[in-house]
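Asker: Got a structure here, written out as structure tokens. Questions coming.
Number of protein chains: 2
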Amino acid sequence: MIWWEDFKVGECIEMGSHTFGADEIIGFARQFDPQPFHTDPAAAKDSVFGGLIASGWHTCAVGMRLTVESHVSRTKSLGSPGLENIRWLKPVRAGDTIRYSRVVLESRASASRPDVGLVKSRWEAINQDGELVMTMEGWGMFGRRPSP
Amino acid sequence: MIWWEDFKVGECIEMGSHTFGADEIIGFARQFDPQPFHTDPAAAKDSVFGGLIASGWHTCAVGMRLTVESHVSRTKSLGSPGLENIRWLKPVRAGDTIRYSRVVLESRASASRPDVGLVKSRWEAINQDGELVMTMEGWGMFGRRPSP
Numbered sequence: 018m019i020w021w022e023d024f025k026v027g028e029c030i031e032m033g034s035h036t037f038g039a040d041e042i043i044g045f046a047r048q049f050d051p052q053p054f055h056t057d058p059a060a061a062k063d064s065v066f067g068g069l070i071a072s073g074w075h076t077c078a079v080g081m082r083l084t085v086e087s088h089v090s091r092t093k094s095l096g097s098p099g100l101e102n103i104r105w106l107k108p109v110r111a112g113d114t115i116r117y118s119r120v121v122l123e124s125r126a127s128a129s130r131p132d133v134g135l136v137k138s139r140w141e142a143i144n145q146d147g148e149l150v151m152t153m154e155g156w157g158m159f160g161r162r163p164s165p
Numbered sequence: 018m019i020w021w022e023d024f025k026v027g028e029c030i031e032m033g034s035h036t037f038g039a040d041e042i043i044g045f046a047r048q049f050d051p052q053p054f055h056t057d058p059a060a061a062k063d064s065v066f067g068g069l070i071a072s073g074w075h076t077c078a079v080g081m082r083l084t085v086e087s088h089v090s091r092t093k094s095l096g097s098p099g100l101e102n103i104r105w106l107k108p109v110r111a112g113d114t115i116r117y118s119r120v121v122l123e124s125r126a127s128a129s130r131p132d133v134g135l136v137k138s139r140w141e142a143i144n145q146d147g148e149l150v151m152t153m154e155g156w157g158m159f160g161r162r163p164s165p
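Chains as they are written, first to last, in our numbering: chain H, 18 to 165; chain G, 18 to 165.
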């Protein structure tokens with residue numbers, strides 16, 4: 018079990034990577050972001066992006082999955098009030114392998130709930146060429162270690 | 018066709034609504050946010066949320082789809098550099114009908130690309146009881162009306 022107390026400011030949590038296939042990019046975008054440069058390889062080639070790119074929401078959502086699978090599934094997660102500074106810095110293209118990490122920026126106990134702590138993090142997503150493709154920041158709420 | 022010049026500061030664009038079914042909430046969360054209060058109705062009932070709730074990413078992604086379907090599909094959309102101030106203010110529960118709108122906050126021509134303009138917007142998502150459940154802000158890039 019990972020408790021709020023176990024998140025240390027400055028700690029970097031490596032969360033693993035994901036390769037974005039063309040079919041998956043198109044599938045997500047048809048459901049949630051049906052713009053031609055996300056859904057239609059031919060139209061995408063003629064767009065400013067020069068080829069199919071993943072929806073920024075898809076890049077973020079995969080980061081969320083890896084956040085849960087890598088460590089949040091072992092916490093008592095209480096959700097998040099929101100996020101700041103989402104930056105889609107470079108396109109994520111079909112075949113790109115994106116590696117995700119999370120750095121702990123701040124940590125504080127809840128003023129109103131003695132069993133809850135908050136953690137502010139910065140997520141980074143980096144492609145196979147070492148280029149930063151997405152960053153975001155935000156607070157998560159976690160259960161605190163019970164007193165013995 | 019909707020050009021950058023057609024987005025007016027202060028304008029509110031109603032984008033329609035979506036009812037979140039339990040199966041759909043679980044399906045999204047299994048793929049992208051597999052926390053028990055998003056994927057398991059029984060565990061969700063015992064959680065702080067008291068029942069199944071949609072992933073915040075799901076609420077946002079549906080907003081993106083409605084943004085595209087309601088009007089962005091008729092623009093020359095050039096994507097977005099990022100977002101600010103995503104706030105998940107209230108849980109979205111199975112059966113909730115969420116209405117989405119977009120207010121134009123700012124508009125400016127691109128300094129470097131004469132055929133491009135930028136629009137800053139605030140998205141709002143409101144449930145069937147009139148409660149704000151999600152807000153976010155960010156810039157989008159759009160093609161400008163060609164000179165005659």
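Cβ atoms here follow ideal geometry from the backbone N, Cα and C, with glycine treated the same way.
Name the chain H residues that come within less than 9 Å of GLY44(G), Cβ to Cβ?
Answerer: Locating residue 44(G) in the second sequence gives position 27, where the first residue counts as 1. Here the premise fails: no neighbours, minimum Cβ distance about 10 Å.
Asker: Within the chosen definition, does the segment 137-147 of chain H reach the segment 111-129 of chain H through at least 3 CB pairs nearer than 8 Å?
Answerer: yes
Asker: If you run the structure through DSSP and keep just helix, strand and coil, what is MET18(G)?
Answerer: The residue labelled residue 18(G) in the question sits at position 1 within the second sequence. Of the three classes helix, strand and coil, the one that applies to MET18(G) here is coil, per DSSP.
Asker: Please confirm whether ARG110(H) and LEU83(H) have their CB atoms less than 8 Å apart.
Answerer: Position 93 of the first sequence holds residue 110(H). Position 66 of the first sequence holds residue 83(H). Result no, Cβ atoms of ARG110(H) and LEU83(H) do not sit closer than 8 Å.
Asker: Identify every residue that forms a DSSP beta bridge with ALA126(G).
Answerer: On the second sequence, position 109 is the one that residue 126(G) refers to. Bridge partners of ALA126(G): GLY134(G).
Asker: Are any of the Cβ atoms in chain H nearer than 8 Å to that of GLU101(G)?
Answerer: Taking the first residue of the second sequence as 1, we reach residue 101(G) at position 84. Closer than 8 Å: yes.
Asker: Could you confirm whether any beta carbon from chain G is found closer than 8 Å to the beta carbon of TRP74(H)?
Answerer: What you label residue 74(H) is simply residue 57 of the first sequence in a count that begins at 1. Chain G contact via Cβ: present.
Asker: Check whether the Cβ of ALA128(G) lies closer than 7 Å to any heavy atom of the ligand ZN, and answer yes or no.
Answerer: Here there are no bound small molecules, and the ligand ZN is not part of this structure.
Asker: Determine whether the Cβ of ARG82(G) lies closer than 8 Å to any Cβ atom of chain H.
Answerer: Locating residue 82(G) in the second sequence gives position 65, where the first residue counts as 1. So, interface residue.
Asker: At the level of alpha carbons, what is the spacing between GLU22(H) and ASP146(H)?
Answerer: Along the first sequence, read from residue 1 onward, the residue named residue 22(H) stands at position 5. Along the first sequence, read from residue 1 onward, the residue named residue 146(H) stands at position 129. One C-alpha to the other measures close to 35 Å.
Asker: Between LEU100(H) and GLY33(H), what straight-line distance do the alpha-carbon atoms span, to the nearest angstrom?
Answerer: Translated into positions along the first sequence, residue 100(H) becomes position 83. Translated into positions along the first sequence, residue 33(H) becomes position 16. Spanning the two alpha carbons is a distance of roughly 21 Å.
Asker: Along the segment 116-138 of chain G, where does the CB come closer than 7 Å to a CB of chain H? Name the residues.
Answerer: none
Asker: In or out: ASP40(G) buried (at least 16 other Cβ within 10 Å) or exposed?
Answerer: Locating residue 40(G) in the second sequence gives position 23, counting from the first residue. In summary, ASP40(G) is exposed, with fewer than 16 beta-carbon neighbours lying within 10 Å of its beta-carbon over all protein chains present.
Asker: Note down, in chain order, every chain G residue with its Cβ under 9 Å from the Cβ of TRP140(H).
Answerer: Taking the first sequence and counting its residues from 1, the one referred to as residue 140(H) is at position 123. Chain G residues near TRP140(H): none, gap ~13 Å exceeds 9 Å.
Asker: Excluding five sequence neighbours on each side, which residues of the same chain lie with their C-beta closer than 8 Å to the C-beta of MET18(G)?
Answerer: As a first step, residue 18(G) must be located in the second sequence, where it is residue number 1. Within the same chain, MET18(G) has close Cβ partners ARG91, THR92 and LYS93.
Asker: Might you give, ordered along the chain, the residues of its own chain that have their beta carbon closer than 6 Å to the beta carbon of PHE24(G), omitting 5 neighbours on each side?
Answerer: Mapped onto the second sequence, residue 24(G) falls at position 7. For PHE24(G), where only same-chain residues beyond five positions count, the Cβ hits under 6 Å are VAL121, SER124 and VAL136.
Asker: Any idea what DSSP makes of HIS35(G), helix, strand or coil?
Answerer: Taking the second sequence and counting its residues from 1, one reaches residue 35(G) at position 18. In this structure, HIS35(G) counts as strand in the three-state DSSP scheme.
Asker: Assign PHE159(G) to one of three DSSP states: helix, strand, or coil.
Answerer: Residue 159(G) sits at position 142 when you count from the first residue of the second sequence. Three-state result, PHE159(G): strand.
Asker: Which bits of chain G does ASP50(H) rub up against, with CB to CB less than 8 Å?
Answerer: Counted from its first residue, the first sequence places residue 50(H) at position 33. From the beta-carbon of ASP50(H), the residues of chain G found nearer than 8 Å are ALA78, MET81, ARG82 and VAL85.
Asker: Cβ atoms of ASP113(G) and PHE37(G): under 8 Å apart, would you say?
Answerer: Counting from 1 along the second sequence, the entry for residue 37(G) is found at position 20. Counting from 1 along the second sequence, the entry for residue 113(G) is found at position 96. In contact: PHE37(G) and ASP113(G) (Cβ atoms closer than 8 Å).
Asker: Report buried or exposed for ARG47(G), applying the criterion of at least 16 other Cβ atoms within 10 angstroms of its Cβ.
Answerer: As a working note, residue 47(G) is residue 30 in the second sequence. Counting Cβ neighbours within 10 Å, ARG47(G) comes out exposed, since fewer than 16 surround it.
Asker: Under three-state DSSP, which class holds SER118(H)?
Answerer: Within the first sequence, numbered from 1, the residue matching residue 118(H) stands at position 101. When DSSP states are grouped into helix, strand and coil, SER118(H) belongs to the strand group.
Asker: Helix, strand or coil: which one does DSSP assign to GLY73(G)?
Answerer: The residue you call residue 73(G) lines up with position 56 of the second sequence. Here GLY73(G) sits in helix by DSSP.
Asker: Give every residue of the same chain whose Cβ lies closer than 6 Å to the Cβ of ILE43(G), excluding the five residues on either side of it in the sequence, and list them in chain order.
Answerer: Against the second sequence, residue 43(G) aligns to sequence position 26. THR56.
Asker: So who's on the other strand from ALA142(G), going by DSSP bridges?
Answerer: Position 125 of the second sequence, counted from the start, is the residue given in the question as residue 142(G). According to DSSP, ALA142(G) bridges with TYR117(G) and MET151(G).
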